[in-house]
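Order-wise, the sequence lines are chains A and B. If you're matching positions, the first sequence starts at 1 in the UniProt record's numbering and goes up one per residue. If you're matching positions, the second sequence starts at 1 in the UniProt record's numbering and goes up one per residue. Ideal placement from N, C-alpha and C gives every residue a C-beta, glycine not left out. These numbers were taken from a predicted model, which means no experiment stands behind them.
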Amino acid sequence: MSIDYSEKIPNNVDLAGDRKLQRALESWQPNFINWWKTMGPAVPTQDVYLRTAVDVGKEGWAQFGHVAMEEYRWGVFLSERGDDRRIAFGENKGEPVWQQVPGEHRADLQRLIVIQGDTEPASVEQQRRLGETAPSLYDLRNLFQVNVEEGRHLWAMVYLLHAYFGRNGREEAEALLQRNSGDLDSPRILGAFNEETPDWLSFYMFTYFTDRDGKYQLGTLKESAFDPLSRTCEFMLKEEAHHMFVGTTGIDRVIQRTCELMREHDTADIAPHGGVPLHVIQKYINFHYSVSLDLFGSEQSTNAANYFTAGLKGRWQEERRSDDHLLTEDGYGMEQVRDGSVITDEVPALLALNLDLRNEYVKDCQSGVKRWNRILEKNGFDERVYLPHVGFNRDVGLFSTHHITPKGDLVGPDVWEARRDDWLPSEADRTFVQNLMRPVYEPGKIAGWIAPPSNGINGKPFEYEYVHFA
Amino acid sequence: MTESGPTTDAGSPAVDFDRDPSTYRHWQLEIDSENPAVAYVRLDVDEEGGLVDGYELKMNSYDLGVDIELYDITQRLRFTHPGVRAVVLTSARDRNFCAGANIRMLAGSPHPWKVNFCKFTNETRNGIEDATEHSGQTWVAALNGTAAGGGYEMALACETILLIDDNSSTVALPEVPLLGVLPGTGGLTRVTDKRRVRKDRADVFATKSEGFGGKQAVDWRLVDEVIPKRRWDETVRERAADAARASTRLPGGAGIELPPLQRTETGEGITYPHVRASFDRAAGLVEITIDGPDGGAPSSMEQVHELGADFWPLAVTRELDDLILRLRSNELELGTWVIRTRGDVGNALAVETFLEEHSSSDWLASEIRHYVKRTLKRLDVTSRSLIALIEPGSCFAGALLELALACDRQYMLDGPFDDSTDDTGDTDDTDGTAGSGQEEARIVLTAANFGTFPMGNGVTRLGSRFHGDDDHVAKLRQEAGRRIEAREALELGLVTDAPDDIDWDDEVRIMLEERASLSPDALTGMEANHRFVGPETMESRIFSRLTAWQNWIFVRPNASGPEGALRKYGTGRRADFDRRRV
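Laid out in structure tokens, this is it:
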């Protein structure tokens, strides 16, 4: 008897009546499950208290309950939209959006979707072993929640590949499971997704900074003239918000605990007391922020310009912007290094779209910094955390051939090498943080380097048994 | 030039290729009453008879309209006058054979017009050579006056060139020195490759505007013989009679008529009894459907002669030929041709086998096959993206499969069209009714795919497709006669892809849209490169080297700019060249 996938997979894409999608699920799902089992969370669990998307409406789009993870119902959802959506930008501005992939843009759209899709399973792979050192059941559950939803985001991209890109799309969908994070022969596409997430401080930083890049990338795809992509991304953003919440509050709680320990022991050097010193937190911020900036690509990009003009990828909140949405005549200020100093130059706005998006991202990142500094302030400390200069520690773009300090000063390689460990986590810092990581699986208990959350999940208390181990 | 050109890009007139001997304006076709094995084709251009306004066809110069009549003559000689074994190409005017393509016409024509004109004239010259080589109709050029430029190129297409020796008539290729362009209708190539003129001499000849006559023309092999004026008529007659005697024209009775084609043209397409073309202007493509034969093989060659132009292979080829010419000239923006066939594979094979059996004994059977060959060659040099869609109900078998193999890509539907839900209804119904939704698409290789219809570069389309892999071609030969379904066709390399019915619509749509988004010029260049994988021949060099360079020169300011040589010709002023070599 054949499996009723339409029942097994929550969806709003008429799964039962869509032969293409049926075939997609039939051929792809077993491979996905196999991938989840081998590359997904390493800690054996019986079930986890998880949120499952069941609808797209404003009310009750998700339900909560204990589920075995490999039986998680990875659904396929597209946001609902009006019938008369129009292209908001580029040379086709004002025309109806596309319900099918125009052949002219097939290769580019497919590439955009594959790159986005590749990051989703990558982060699951990167975080595979984190469960072994979770600071609490609450945090462990959040990790798994992020993981299953990244899995669902992979489904979302795979849905698009299967439903709209024919055989070629199916092959790409298959390849999404063949590449593995950190695999030397078949790595993930983007460099940042081939680094293991070694500890929970890194995990919070990753969900704050790197998932936030994902949010902005999805935001640009949400504007796409290719309507199914747009609607898919819009719904993904809803889930992505929780991932960011995990990062924001995770760092909140680390800083809160650091404050407590500093007060308790009246010293900034709380390392001997089992806390993460503030300067180490700053170094982690420096590192994760700077590598996430690299994900935005070169500041000046003709690809991004072409995508925009063609209507494939818009700007963040394109429709709320008041310019002409064509950008053929506009300029944009771009920082670059010239004659030994960082200056601002005007370039055509169309070529500066990656920078435009990155600037939106930087603004968003500032809000977290503000929040963490408020915690420091409330606790009576004068120390502050900050975001380093955008040119600091960059491997991609205009600053990649220069050494810039966190304050924005251009320095030579000698100074960089000498000060490097003051600005980025040193081997010793990393070893120290990793040594702090000890699993705490007892309900209601938490590790000593992090404060408990102020609330539990879905109205449940912190003590709730969010995870049942196998 | 003081007057502006006759046409603009937007204003090029639609070209009509229908001609009839009773309405020729520029040629006289006469079958010699004393020796009916000899035909005289005399050029007598009506100065006022230009296809487009704005130029006069002086000095027996020609434009596309003149050449369309010549093409019509070559076809009728082969089908309507099977008794003709030698054709004398000459002029109705004393002391002037032909001055070549009309310069004002060229100077005023938009680029696509020039390119189409050159392509068509080249194809007609190739057709003349084909008649000599394969049809036992040997063409003899009797140059009773100067043959310059395109005039001499016309002569070069003939087997023998006779030049009158009157101390003034010459043969010349003055394009380079006078016009800043090339003798692009095969001139440069035939002088060296066919006439075997040494290449340094060819260089001298092609830069000497007045050309050569008399003994030197013979010494340099530019002509075969010079004949004093007083012995001219008689000698020409003798040479023609000799050629006729040496010819190996097949028997087979009287000629057949080539009546006007039944064609309906609308804004949306062109329809013939066996060929339909429907335009999708928004998508920039035309969907061409070619019908296979209604029934099986005819009972006899007598029946074929009786059917004449109604016999399916001839009828469908005439229609396709006409369609190709019309689309090429008149529908420049329909950049992709999607080619389908519909009909019964068994019938197509039966007709083909019948023709093959009679092609070495009956002139008509043979002529039809050569006509199919020439029409396929026309497709090969057509600057449009050609895509074959092989679907259930199609009949891409043998000669019809050549249509698909001439295309840049072939897509074959794997499995039946799924009209109903999941009722596979798998039939091994080899004689299944055409168009039945349940039948799978099949293609069939036959002997016709292994040498009957060579491309201009002398190899088969399969040979070109699998260039350098003779073993594979040999392997395919063993598959001849077998019905091959999509998956196997893909494995054998006979199709580009074989999507199933779920993917079919999307794959095809996306592929066509993608194609339409690419640069038309880059596509033309790319396709021309890919289609002629393999060796070169004189014929293929004419297209790949001569006309490709000519087309480049045509867009350069040194030829076509306001100060260029084409524009300055006849004004008494010199062209002002950009002296940089590129």
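- Per DSSP, reduced to three states, the secondary structure at Glu-488 of chain B is helical.
- Annotation for Trp-139 of chain B: no alpha helix (DSSP H) segment contains it, though the beta strand (DSSP E) segment containing it runs 138-143.
- Gln-282 of chain A is classed as buried because its beta carbon has at least 16 other beta carbons within 10 Å across all chains shown.
- Around the beta carbon of Lys-378 of chain A, a 10 Å sphere encloses fewer than 16 other beta carbons of the protein chains shown; the residue is thus reported as exposed.
- Using a CB distance below 7 Å, no part of the stretch 322-352 of chain A faces chain B.
- DSSP places Trp-549 of chain B within a helical segment (H, G or I) once states are collapsed to three.
- Sixteen is the threshold: since fewer than 16 other Cβ atoms of the shown chains lie within 10 Å of the Cβ of Ala-241 of chain A, the residue is exposed.
- Within the same chain, and ignoring the five residues on either side of Pro-228 of chain A in sequence, the residues whose Cβ sits closer than 8 Å to its Cβ are Leu-78, Gln-99, Leu-160, Ala-163 and Tyr-164.
- Residues of the stretch 72-104 of chain A with a C-beta atom less than 7 Å from some C-beta of chain B are Val-101, Pro-102, Gly-103 and Glu-104, listed in chain order.
- The beta carbons of Val-67 of chain A and Val-48 of chain A sit about 7 Å from each other, so the pair counts as a contact at 8 Å.
- The beta carbon of Lys-313 of chain A does not come within 8 Å of any beta carbon belonging to chain B, so the residue lies off that interface.
- In the three-state reduction of the DSSP assignment, Asn-306 of chain A falls in the helix class, which pools H, G and I.
- Excluding residues up to 5 positions away in sequence, Pro-277 lie with their Cβ nearer than 8 Å to the Cβ of Asp-269 of chain A in the same chain.
- Interface criterion met: the Cβ of Lys-20 of chain A is under 8 Å from a Cβ in chain B.
- Rounded to the nearest angstrom, the Cβ distance from Arg-85 of chain B to Arg-249 of chain B is 5 Å, consistent with a contact under 8 Å.
- For Gly-169 of chain A, the enclosing alpha helix (DSSP H) starts and ends at 166-178.
- Taking C-beta atoms under 8 Å as the contact rule, Asn-393 of chain A and Asn-286 of chain A qualify, at a distance of about 7 Å.
- In the displayed model, Val-467 of chain A falls within a strand according to three-state DSSP.
- Closest in C-alpha terms to Thr-124 of chain B, from the list B:Thr-496, B:Arg-378 and B:Leu-546, comes B:Arg-378.
- In this structure Val-444 of chain B is not in contact with Arg-409 of chain B, their Cβ atoms being roughly 20 Å apart against a cut-off of 8 Å.
- In this model, Leu-351 of chain A and Leu-357 of chain A are separated by some 12 Å (Cα to Cα).
- Counting other Cβ atoms within 10 Å of its Cβ, Lys-373 of chain B reaches 16 or more and is therefore classed as buried.
- Rounded to the nearest whole angstrom, the CA to CA distance from Lys-445 of chain A to Ala-418 of chain A is 41 Å.
- About 5 Å separates the CB atoms of Asn-458 of chain A and Phe-64 of chain A; that is less than 8 Å, so the two are in contact.
- In the DSSP annotation of this structure, the continuous segment of the alpha helix (DSSP H) that includes Ala-24 of chain A starts and ends at 19-39.
- Taking the Cβ atoms as the reference, Glu-513 of chain B lies roughly 6 Å from Glu-104 of chain A, within the contact range of under 8 Å.
- Here DSSP, grouped into helix, strand and coil, assigns Phe-245 of chain A to helix.
- Between Ser-560 of chain B and Leu-326 of chain A, the alpha-carbon positions lie close to 37 Å from each other.
- Residues of chain A with a Cβ closer than 9 Å to the Cβ of Pro-499 of chain B are, in chain order, Gly-166 and Arg-167.
- Of the residues A:Trp-200, A:Leu-176 and A:Asn-455, the one whose Cα lies closest to the Cα of Leu-190 of chain A is A:Leu-176.
- The distance from the Cβ of Leu-413 of chain B to that of Glu-391 of chain B is about 5 Å, consistent with a contact at the 8 Å cut-off.
- Each residue's CA atom was taken as its position, placing Glu-356 of chain B and Phe-453 of chain B some 12 Å apart.
- No beta strand (DSSP E) of 3 residues or more sits fully in the stretch 209-244 of chain A.
- For Phe-354 of chain B, same chain residues with a beta-carbon under 6 Å away, outside a window of 5 residues either side, are Ala-297 in chain order.
- The C-beta separation of Ile-502 of chain B from Arg-19 of chain A comes to about 6 Å, placing the pair in contact by the 8 Å criterion.
- Legend: CB atoms of the stretch 494-528 of chain B lying less than 8 Å from CB atoms of chain A belong to residues Asp-497, Pro-499, Ile-502, Asp-503, Asp-506, Glu-507, Arg-509, Ile-510, Met-511, Leu-512, Glu-513, Glu-514, Arg-515, Ala-516 and Ser-517.
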